[in-house]
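Have a look at the structure below, then the notes.
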Amino acid sequence: MAASESSAVLQSSVLVAPVTALEFLGDEWLLTGEGPILSIFCLQSAPTQCASHCVLHNYRVHGIQPKLQNNDGHVTVPELVELVIFGGKAVRLINTRPRDLSLEVAGPLLELQDWVLDVSWLRGETGSLLGICLAHNSVLLLEPQSGNILSLCSCAEVCLLYSALLIGSSWETTVLVGGTVFNQLVLWRPGGIKGDSQALVERRLLGHSGVIFSLCYLESSRWLASASDDRSVRVWNVGVLGADGGCGVESPSCLRVLYGHQARVFCVRLSPGCVFSAGEDGACLLWEWEGNGRVGRTLKGHRSGWHQSTSC
């Protein structure tokens, strides 16, 4: 008598992974990335409600960019929010209805040839486009629904970036800020280059003695903040970036050098009058701008020493 055949099926029931991306939607919802999983939490409910979806397959979520409307500094959260999720070499569109705690795949998984460091929604002639900064100091202009590459621009300074930030609302006016492996910040414009020519570095910020892990720009104050392997946060007065401001003032000045972390600083965020930083020491620091930039408050609680993401 033939032995009965049996098959075993392995199914994943839970994922325990570092939280590598955070993004608030207004005051009511929080988006998180853990491994390839995107989750949305309702912060006003008790107990906290959430929904999750695997969006990046074999890549970790490193960034979440919602498409929101900013009216004079006031951000409104519509019923349907378009998201671009990125990590590793992958980019994907997701739609969420925050009030329903729903997450829906809105496009295929796009796998690029280089690591993605930042993604920005840009205004196009017939719809929204994506500006995608890659790790070897180049920028893609991409049609999000089809995945078609409309333009690729490289910087004349070919180097590895540890962090990058795209600033601007259209391809023609966008500015890239890159934190290089040579401990410098470089600013250049990808949108004005024609053909196969390369863009020149227009501004170079020196001072860090380690690689730059994180960048943040606050338009209202015209500040640029950088967090580094040298355990410091630097705040620069760069002027208006993007649009008619181009790459900002010709000679940017360093306003503050902030030391307080006991290890590498992985993340920095700016809000009006405040600087937040988080590092490998497991601490999140709130800096007082007055008094030469002292630590005003220290937040601790995470058991792991790796603070990879903050949102404010």
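Using UniProt numbering, the letters of the sequence shown map in sequence onto residues 1 to 312. Here a beta-carbon is modelled for each residue, glycine too, at the ideal position from N, C-alpha and C. A quick note: this is a predicted structure, and the numbers were derived from the prediction, not measured.
Check: C-beta atoms of T174 and P190 nearer than 8 Å; Outcome: yes
Check: Straight-line gap, P66 to L205 (C-alpha atoms, nearest Å); Outcome: 29 Å
Check: Cα-Cα separation, M1 to L56; Outcome: With a pLDDT of only 47 at M1, under the threshold of 50, the placement of this residue in the model should not be trusted; the figure read from the coordinates follows. If I take the Cα positions, the gap works out to 47 Å.
Check: Segments of 3+ residues assigned as beta strand (DSSP E) that fall wholly inside the UniProt repeat "WD" (205-238); Outcome: 212-218, 223-228, 232-237
Check: Classification of V75 by the beta-carbon crowding that lies within 10 angstroms, buried from 16 upward; Outcome: exposed
Check: Sequence-distant residues of the same chain with beta carbon closer than 8 Å to A156, five excluded per side; Outcome: Q198, A199, L200, V201
Check: Three-state secondary structure (DSSP) of M1; Outcome: In this predicted model, M1 has a pLDDT of only 47, less than 50, meaning its place in the structure is not dependable; the value taken from the coordinates is given anyway. Correct three-state label for M1: coil.
Check: Beta-carbon proximity list for A213, same chain, < 8 Å, skipping 5 on both sides; Outcome: One point to set straight first is that residue 213 is Phe, not Ala, in the sequence displayed. So the qualifying residues of the chain are Y162, S163, G179, A227, S228, D229, R264, V265, F266, C267.
Check: Buried/exposed call for A90, threshold 16 Cβ in 10 Å; Outcome: buried
Check: Runs of alpha helix (DSSP H) wholly within the stretch 153-186 (minimum 4 residues, chain order); Outcome: none
Check: Reference K194; option with closest CA among R231, L152, L176; Outcome: L152
Check: Straight-line Cα distance separating E23 from G107; Outcome: 20 Å
Check: Helix, strand or coil at G63 according to DSSP, with G and I counted as helix; Outcome: strand
Check: Integer Cβ distance of C133 from L176, believed to fall under 8 Å; Outcome: 6 Å
Check: C-alpha distance - G63 paired with G301, whole-angstrom precision; Outcome: 23 Å
Check: DSSP state of D196 mapped onto helix, strand, coil; Outcome: coil
Check: One or two residues paired with E34 in a DSSP bridge; Outcome: V19, I37
Check: Between the CA atoms of P47 and S138 - distance to the nearest angstrom; Outcome: 44 Å
Check: Under the three-state DSSP convention, the category D27 falls into; Outcome: coil
Check: Closest residue to D118 among S52, L30, P78, A21 (Cα-Cα distance); Outcome: A21
Check: Identity of the residue in N58, P98, W223, A17 nearest C42 by Cα; Outcome: P98
Check: Candidates S52, N237, D114, G192: closest to L30 by CA position; Outcome: S52
Check: Residues bridged to R49 (per DSSP); Outcome: Looking at the sequence shown, residue 49 is not Arg but Gln. Per DSSP, C42.
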